[in-house]
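Enquirer: Take a look at this one; I'll ask things after.
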Amino acid sequence: MDDEIKLIVSNETDISIEKLNEKSTLLGDLNIDGDDAWEVFEQCHSKFQLDLTNFEFNKYFRSEPCFKGLVYLYRKLKYRDEHIAANKLPITVEKLINACKKGRW
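Residue numbers (this note's numbering): 11 to 115.
Now the structure itself:
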């Protein structure tokens with residue numbers, strides 16, 4: 011299952027499975043955001059019956075289009091961390107794998 015989930019992530023990022031790190035964050039490290047992020051979760055839902063009932067997408071990702079604005083730019087310059095700049099919580103590849111194994115977010 012781990013490799014199947016990594017393949018889903020890999021297909022969205024064009025990063026090979028071998029180079030994916032389970033500690034990598036979807037938004038910050040892999041630049042998965044907006045519709046691309048939703049696609050990853052939709053695929054996990056379809057393939058692994060991941061229950062997304064309690065998943066609050068907007069806590070972790072921006073909506074499409076990912077307009078960043080001046081506040082984001084200021085925060086990005088100040089903090090450098092994508093999650094802090096976007097005011098979003100991080101999700102690692104490992105956390106996604108664990109959720110798929112449990113079947114729920």
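Beta carbons are placed, not taken as given, at the ideal position from N, Cα and C, and that holds for glycine.
#1: Sort Glu-28, Glu-66, Asn-21, Gly-113 by Cα distance to Asn-41 and report the nearest one.
#2: Whose C-beta lies closer than 8 angstroms to the C-beta of Leu-17 among residues of the same chain, with five residues either side of it excluded?
#3: Any idea if Asp-24 is buried or exposed, counting beta-carbon neighbours within 10 angstroms, 16 or more meaning buried?
#4: Would DSSP call Thr-35 helix, strand or coil?
#5: Classify Thr-63 as helix, strand or coil using the three-state DSSP reduction.
#6: Give the range of the alpha helix (DSSP H) segment to which Glu-52 is assigned.
#7: If you compare alpha carbons, which of Val-50, Asp-12, Lys-33, Leu-37 is closest to Asn-97?
#8: Could you tell me the boundaries of the alpha helix (DSSP H) in which Lys-112 lies?
#9: Going by beta carbon distance, what residues of the same chain come within less than 6 angstroms of Glu-104, once the five residues before and after it are set aside?
#10: If you draw a straight line from the alpha carbon of Ile-15 to that of Arg-72, how long is it in whole angstroms?
#11: Indicate whether Leu-99 and Lys-57 have their beta-carbon atoms separated by less than 9 angstroms.
Expert: Considering the structure as presented:
#1: Start at 1 with the first residue of the sequence shown, and residue 41 comes out as number 31. Closest by C-alpha distance to Asn-41, out of Glu-28, Glu-66, Asn-21, Gly-113, is Asn-21.
#2: Position 7 of the sequence shown, counted from the start, is the residue given in the question as residue 17. So the qualifying residues of the chain are Ile-27.
#3: Here residue 24 is taken as the residue at index 14 of the sequence shown, counted from 1. It counts as exposed.
#4: Position 25 of the sequence shown holds residue 35. Strand, per DSSP.
#5: To locate residue 63, count along the sequence shown from 1; it is residue 53. The three-state secondary structure of Thr-63, taken from DSSP, is coil.
#6: Your numbering for residue 52 matches position 42 in the sequence shown. The continuous alpha helix (DSSP H) containing Glu-52 extends over residues 44-58.
#7: Position 87 of the sequence shown, counted from the first residue, corresponds to residue 97. Minimum Cα distance to Asn-97 is reached at Leu-37.
#8: By 1-based counting over the sequence shown, the position of residue 112 is 102. Lys-112 -> alpha helix (DSSP H) spans 103-112.
#9: For the purposes of this step, residue 104 is identified with residue 94 of the sequence shown, where counting begins at 1. Apart from sequence neighbours up to five positions away, the residues of its chain that approach Glu-104 with a beta-carbon distance below 6 angstroms are Glu-32, ordered along the chain.
#10: Position 5 of the sequence shown, counted from the start, is the residue given in the question as residue 15. Position 62 of the sequence shown, counted from the start, is the residue given in the question as residue 72. Computed Cα separation, rounded: 22 angstroms.
#11: Translated into positions along the sequence shown, residue 99 becomes position 89. Translated into positions along the sequence shown, residue 57 becomes position 47. No, these two residues do not count as a Cβ contact at 9 angstroms.
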